DNA sequence: GTAATAATATGTACCTTTTACACATTAAAG
DNA sequence: CTTTAATGTGTAAAAGGTACATATTATTAC
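Residue numbers (my numbering), protein chains in the order written: chain A, 843 to 1076; chain B, 843 to 1076.
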């Protein structure tokens, strides 16, 4: 059961005579990463016949004895090996027809991880990073979940210092700006961007420079300790 | 079952041997109203022994064949007789210990209704309007749900024309300002408030005046037709 | 070692939005 | 017709956002 959040039809039927307990609850994680100057999301090939060839988000059923938040942490840990991630609940999706095998409502979370730093065990898992621009269709209602999560991330990213979860510990202002541009889908003016960031006072100047570039290196920064929040409560 | 969203312990135990289907799903509605210059919320006396004397939000279990949104509409309709209301999903609350009788996760919605216009059948129902300032403690985790919903309403109310769901069809700018002040918990400057509202262009000047006042009456406005949205999608 | 390259770092003028604040007007009541 | 209790309105200052150009620096190629 932990290998997939998909329900087998037999399991649904076994309990369908019970009136109020034949709704299954799952958690789906929109795992955002940033690499190669593009915002990406971690997807798995759907193993459901109905969705052959399509990818889906990572999810699993919620266990009777675990909190919703814990379930999303567990899924991330099981699938990626990571346990030090930013996670935030987005929305509950519960239309009757959303799962072909039966009634499953799902609570969507998004998470932000630093692809480079955390080496995932992707290969044996059929997990792959997909650029957001290239995703047209996903299994279930996962495209809608992805869109909603991205919108939520966009709304939040200028207000709260969560973006640093997508970056390595040390980064330049250019890298930070490029990441903002990927998330927001707009180009930003460098001088205005730096002004705006410096007003927020999120960054620690490390007095170090980029290395291994074929041009003038930029200063390196990290996020100040007090802004390294990983968890977001309701 | 439709009379309450509370679970009887026997029902929980009957299905507890099933691994993934003994999570019940409920919907709880934070029903906001505005009357007597105060923001109010509709509560019912808890019929659970554990919460004797406490009030709780209106909720019910989600039926296997109904969408989450439909469930929240149904609850509102059953409890208040209203079917023309603004509803928006807020958050899923799913800690293991949140319901004393078993595992129940709940999806919270808030709704905005015009108390004066819609005469509810409150009496036979043990339903009562409570001023937000006076609520200290509620059954279950409903205080937390209420706080989260209010915060969400506050974030949204200056951006989207949803506030008019709390007012009668015709209202003065003073009434509108007082309502904003109740929701946001701050005092607003009259001239600046009017400027801000007029920029948004949400209002239709009705060329009518208030009546039955012992002072100079104000102009009456209504929200423009195109902003009379009732439903809010994910 | 000098020039070319490709980036970093920085400031100012303009415009828009937000804030603070005061006085003339009006309908009703006495 | 005076008092009351509210409505309706504008302007100046501050803060925040936008548009925009030049000097500097580490590296690479010659």
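Glycine included, every Cβ here is placed at the ideal spot set by N, Cα and C.
Small disclaimer: the values here were computed from a predicted structure and weren't measured.
8 angstroms Cβ cutoff, residue i in contact with chain A
i                       : result
residue 937 of chain B  : yes
residue 1065 of chain B : no
residue 933 of chain B  : yes
residue 1045 of chain B : no
residue 1071 of chain B : no
residue 867 of chain B  : yes
residue 864 of chain B  : yes
Alpha-carbon spacing of residue i relative to residue j, whole angstroms
i                       : j                       : result
residue 1054 of chain A : residue 1060 of chain A : 11 angstroms
residue 896 of chain B  : residue 971 of chain B  : 14 angstroms
residue 840 of chain B  : residue 865 of chain A  : Residue 840 of chain B is absent from the structure shown; chain B starts at 843 and stops at 1076.
residue 898 of chain B  : residue 910 of chain B  : 20 angstroms
residue 985 of chain B  : residue 891 of chain A  : 44 angstroms
residue 1014 of chain B : residue 1063 of chain B : 6 angstroms
residue 874 of chain A  : residue 955 of chain B  : 38 angstroms
residue 1067 of chain A : residue 928 of chain A  : 15 angstroms
residue 1069 of chain B : residue 905 of chain A  : 42 angstroms
residue 1049 of chain B : residue 996 of chain B  : 30 angstroms
residue 940 of chain A  : residue 978 of chain B  : 39 angstroms
residue 1028 of chain A : residue 1057 of chain B : 52 angstroms
residue 1127 of chain A : residue 937 of chain B  : Nothing can be reported for residue 1127 of chain A: it is not among the residues displayed for chain A, which extend from 843 to 1076.
residue 1065 of chain A : residue 1043 of chain A : 9 angstroms
residue 968 of chain B  : residue 1041 of chain A : 52 angstroms
residue 1031 of chain A : residue 1002 of chain A : 20 angstroms
residue 932 of chain A  : residue 947 of chain A  : 14 angstroms
residue 922 of chain B  : residue 989 of chain B  : 22 angstroms
residue 1078 of chain A : residue 943 of chain A  : This structure cannot settle anything about residue 1078 of chain A, because the visible part of chain A is limited to 843 through 1076.
residue 1037 of chain B : residue 887 of chain B  : 43 angstroms
Collapsed DSSP secondary structure at residue i in the structure displayed
i                       : result
residue 1079 of chain B : In the structure as shown, chain B begins at 843 and stops at 1076. Residue 1079 of chain B is therefore absent and cannot be evaluated.
residue 984 of chain A  : helix
residue 927 of chain B  : coil
residue 1070 of chain B : coil
residue 991 of chain A  : helix
residue 1039 of chain B : helix
residue 953 of chain A  : strand
residue 1053 of chain A : coil
residue 870 of chain B  : strand
residue 975 of chain B  : helix
residue 947 of chain B  : strand
residue 888 of chain B  : coil
residue 896 of chain B  : coil
residue 877 of chain A  : strand
residue 784 of chain B  : Past the edges of chain B, shown from 843 to 1076, lies residue 784 of chain B, and the structure says nothing about it.
residue 969 of chain B  : strand
residue 1024 of chain A : helix
residue 901 of chain A  : strand
residue 1062 of chain A : strand
residue 1045 of chain B : strand
residue 958 of chain B  : coil
residue 882 of chain A  : strand
Cβ of residue i within 8 angstroms of any chain B Cβ
i                      : result
residue 947 of chain A : yes
residue 929 of chain A : no
residue 910 of chain A : yes
Neighbourhood of residue i by C-beta distance below 7 angstroms, restricted to the same chain and skipping five residues each side
i                       : result
residue 1077 of chain A : Because chain A spans 843 through 1076 in this model, residue 1077 of chain A falls outside it and cannot be assessed.
residue 1052 of chain A : 1014, 1059, 1060 and 1062
residue 1047 of chain A : 1061 and 1063
residue 917 of chain B  : 869, 871, 900, 901 and 902
residue 914 of chain A  : 869, 871, 929 and 951
Other residues of its chain near residue i: CB distance less than 6 angstroms, five sequence neighbours each side excluded
i                       : result
residue 957 of chain B  : 875 and 877
residue 999 of chain B  : 1005 and 1025
residue 992 of chain A  : none
residue 1045 of chain A : 1063
8 angstroms Cβ shell around residue i - same chain, five flanking residues per side excluded
i                      : result
residue 882 of chain A : 874, 875, 876, 957, 971, 972, 973 and 974
residue 924 of chain A : 918, 955, 960 and 962
residue 908 of chain A : 916
Could you please tell me which residues of the segment 894-908 of chain B, in chain order, have their CB closer than 8 angstroms to any CB of chain A?
903, 904, 905, 906, 907 and 908
Along the segment 969-997 of chain A, what residues have a CB closer than 8 angstroms to any CB found in chain B?
986 and 990
For the segment 867-890 of chain B, which residues have a CB atom closer than 8 angstroms to at least one CB atom of chain A, in sequence order?
867
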